[in-house]
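Following: one structure in structure tokens, then a few remarks.
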Amino acid sequence: MAERPSTIGLFPTISDPEPAPSARRMRPLACEVISLATKNRVISDSHSLCWLCGLNGSHITHVIPRSDQLIFDDLHGSGLLTFSNLNSFPNLIYLCSECNFRYDDRFPAWTFLPTDLDPFIAAEQAYHDLRTESYPTRVPRPEPPQTILYTRYQVRPSYTLSLVLERHPTKEWGGSSVAVITRSARISCGLKRLGAGLSGIPDDVAMKLQHLVWLYGLADPEVPSVDEGVADDDDAIEQVTESPATLLSPPRPSAGTSAD
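The following block contains the structure:
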């Protein structure tokens, strides 16, 4: 049985290199261009104001950036993302120049998440349990939960940004909750690997975020055959019970591995 694509391995550090100029296409494909109708919808939905600070907006920003096409393909293939491409309305947010810079920066200053991650964790765990009980019958993925309230988090120290976040602790947004979770998980994972702390995200929220991404990456359950032996069963149990923090961390070299 083919394994479901794993999301865990697709969260690199946030300092991915830019493609070489020679590798860039001279003209973007149609799916790489935001349509005029989508642009108008994003601006209208935000009343022409920046979603974060409320000033006049100027930038339509991707929640999952276009450089993360592989992550989108993985989540779309597994049914977690239901929109067709990265330029779709559920993946776009309207921001002013300053908030856009701080969101799209190499070291982002802020991110946002659903106010409560527990329904997402419960839904994903229930789906995994149902797949296990229904094996070998394939179970279609139910649509992930959607939320209308989001909490903004400061991920780097910034006095000005702190004041903005305090004035607007929660806010509505009409896009994809899974896209937001994916972006924030990538930021969280990347900053931790670079040794930068997340000053504004509480530890319990960060752990729930990591646990949810771990659940997203679980492969379809398989029942081992009789001749696979007990050792294989133990390996499977060890793999499933490994902590989310371990799965999201870079692999460590073996103790007996030579530097050469």
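Going by the working numbering, the sequence shown wraps up at 1205, each residue one higher than the last. Glycine included, C-beta positions come from ideal geometry on N, C-alpha and C.
* Coarse secondary structure for residue 1060, derived from DSSP in three states -> coil
* **Length of the line joining the Cα atoms of residue 1126 and residue 1033** => 17 angstroms
* State the Cα-Cα distance for the pair residue 982 and residue 1005, rounded to the nearest angstrom. => 13 angstroms
* Nearest to residue 1094 by CA position, among 1078, 1105, 1121, is which residue? -> 1121
* Asked: Can you find at least 3 beta carbon pairs, one from the stretch 1059-1075 and one from the stretch 1015-1024, that sit closer than 8 angstroms?
  -> no
* Asked: Quick one: is the Cβ of residue 1090 within less than 7 angstroms of any heavy atom of the ligand MG?
  -> In the structure on display, the ligand MG does not appear, and there are no ligands present to speak of.
* To do: Under 8 angstroms by Cβ, that's how I've got residue 1100 and residue 1132 pegged, so tell me the actual separation to the nearest angstrom.
  => 6 angstroms
* Of the choices 1123, 998, 1098, whose alpha-carbon is the least far from that of residue 1148? -> 1098
* **Nearest to residue 1102 (by Cα), restricted to the options 1084, 1090, 1054** => 1054
* Asked: Do the CB positions of residue 1038 and residue 1118 come within less than 8 angstroms of each other?
  -> yes
* **Close Cβ partners of residue 1036 (< 7 angstroms) along its chain, the five nearest in sequence each way excluded** => 1007, 1008, 1009, 1028, 1120, 1121, 1124
* Out of 1040, 1160, 1047, 1077, which has the shortest C-alpha to C-alpha gap to residue 1089? -> 1160
* Asked: Do you know offhand how far residue 985's Cα is from residue 979's?
  -> 10 angstroms
* Asked: Are residue 1096 and residue 1058 close, meaning C-beta to C-beta below 8 angstroms?
  -> yes
* To do: Could you check the C-alpha separation between residue 1046 and residue 1018 for me, to the nearest Å?
  => 26 angstroms
* To do: Sort out for me which residues DSSP pairs residue 1096 with in a bridge.
  => 1058, 1115
* Asked: Which partner residues does residue 1001 have in the DSSP bridge list?
  -> 994
* To do: Tell me whether residue 1174 is buried or exposed, calling it buried when 16 or more other Cβ atoms sit within 10 Å of its Cβ.
  => Note that residue 1174 has pLDDT 48, beneath the 50 cutoff, so the model's placement of it is unreliable and the number below is only indicative. Exposed.
* Asked: Along the chain, where does the beta strand (DSSP E) that runs through residue 1039 open and close?
  -> 1037-1040
* Under a three-way DSSP split, which group does residue 983 fall into? -> helix
* To do: Put residue 1006 into one of helix, strand or coil per three-state DSSP.
  => strand
* Asked: Thinking C-alpha only, which one of 1151, 1129, 1145, 1085 is nearest residue 1108?
  -> 1145
* Classify residue 1063 as buried or exposed, calling it buried when 16 or more other Cβ atoms lie within 10 Å of its own Cβ. => exposed
* Asked: Do you know offhand how far residue 1084's Cα is from residue 1091's?
  -> 21 angstroms
* Three-state class that DSSP yields for residue 1127 in the structure shown -> helix
* residue 997 and residue 1044 closer than 8 angstroms at C-beta -> yes
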